[in-house]
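FYI, the numbering for the sequence shown is 1 to 234, going by full-length UniProt numbering.
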Amino acid sequence: MRRSSARTRPASNPQYLELVVLGRLSTRSHAEPVRRFYQLRCSRYAAGVETISATLAHGADDGWTIDVPKVGQATVADPRLADFECRQLLQRKLGIDWFTAEELDVRLVNGAGAPLYVFDLLCTGPVESGRVAALAAAPPDGCRFADLGGMPALRCVRSGPSRLAAVAALVAQLRDEHGIEADDLGFEQLWEWAGSLEQRERMVAHLLLMATHRARLIGLSTDDVVAFVHTTMG
């Protein structure tokens, strides 16, 4: 299993050079990929570039187009592949290894520049068939209904100020408008901590969603959960 750690870039020093060292790159034989990664991050911070934005657009043929400025374009049938395709484009353009490409801060945006987040949202508990039918007939904006192993689910491309905010807003909408409690983002191996930054963000959202859903089931208050988060995160 691949693990990563990152030193936090101080807000007071915008030229601070952050080096993320990957476990699989820590051996002597992988010194060159680490060096190239360091050089890449140096050039990005020196230029004042924090993120790499890629425009994701839904095409008329039901496909999705990804456009990375000054890098290239790609088309995918499933928006869940957009982040992967972006990183492949960057890998080829920048001449970097895949482990380095996974660490790049790639963000999907719409044509207006607003952030987009791709995720699946599932309900693993019992749901009345009538509610499921209503959701399937009129899913929320940016979502498509799916049946995943007998569980009602939504495959979504949603905007929001952050991934957590986008997921939370949809969970609340399903609860308030459809009477459905969503509690899962589709991860199975919850102990894994690897892959791209996008995948790790989805993992964090998944764990938080599970935690808040189960906290409500056992009667914990919102204040209890918020206090726990504030205390543990410092």
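Virtual Cβ for every residue (Gly too), placed ideally from N, Cα, C.
- Take Gly179, set aside five residues on each side of it, and the residues of its chain with a beta-carbon closer than 8 Å to its own are Glu128, Arg131, in chain order.
- Per DSSP, Val204 is one residue of the alpha helix (DSSP H) stretching across 197-217.
- Residues of the same chain with a CB within less than 7 Å of the CB of Met151, apart from the 5 flanking positions on each side, are Leu122, Cys123, Thr124 in chain order.
- Val118 is positioned such that its CB atom lies no closer than 8 Å to that of Leu89.
- Boundaries for Ser159: no alpha helix (DSSP H) harbours it, while the beta strand (DSSP E) harbouring it runs 151-159, taken from the DSSP string.
- Shown here, Phe84 sits in a helix according to DSSP, grouped into three states.
- Under DSSP, no beta-bridge partner is assigned to Cys123.
- Per DSSP, the unbroken beta strand (DSSP E) holding Ser53 starts and ends at 52-58.
- Under the 8 Å Cβ criterion, the stretch 139-149 counts as touching the stretch 157-177, having at least three qualifying pairs.
- Of the other Cβ atoms in all chains shown, fewer than 16 fall within 10 Å of the Cβ of Phe228; this residue is therefore exposed.
- Each residue's CA atom was taken as its position, placing Leu148 and Thr65 some 25 Å apart.
- When the alpha-carbon of Ala153 is set against those of Asp120, Ala172, Leu164, Cys86, the nearest one is in Asp120.
- Leu108 sits away from Ala60, with the two beta carbons spaced by 8 Å or more.
- Residues Tyr117, Arg158, Gly160 of the same chain have their beta carbon placed closer than 6 Å to that of Ala166, with the five preceding and five following residues left out of the count.
- Per DSSP, Arg131 is one residue of the alpha helix (DSSP H) stretching across 129-137.
- Assigned with DSSP and collapsed to three states, Pro69 falls in coil, not helix or strand.
- Counting only residues of its own chain and dropping the five nearest sequence neighbours on each side, Asp105 has a CB closer than 8 Å to the CB of Glu50, Thr51, Ile52, Leu197.
- For Ala74, the secondary structure class from DSSP, reduced to helix, strand or coil, is strand.
- Listed in chain order, the non-local C-beta contacts of Asp78 below 7 Å within the same chain number zero, local neighbours out to five positions each way being set aside.
- Less than 8 Å divides the Cβ of Arg202 from the Cβ of Arg163.
- Beta-bridge pairing by DSSP links Arg107 to Ser53.
- Assignment of Asp97 by DSSP, reduced to helix, strand and coil, places it in the coil class.
- Between Ala134 and Ala182, the alpha-carbon positions lie close to 15 Å from each other.
- Judged by beta-carbon spacing, Ala146 lies within the 8 Å limit of Arg155, meaning their Cβ atoms are closer than that value.
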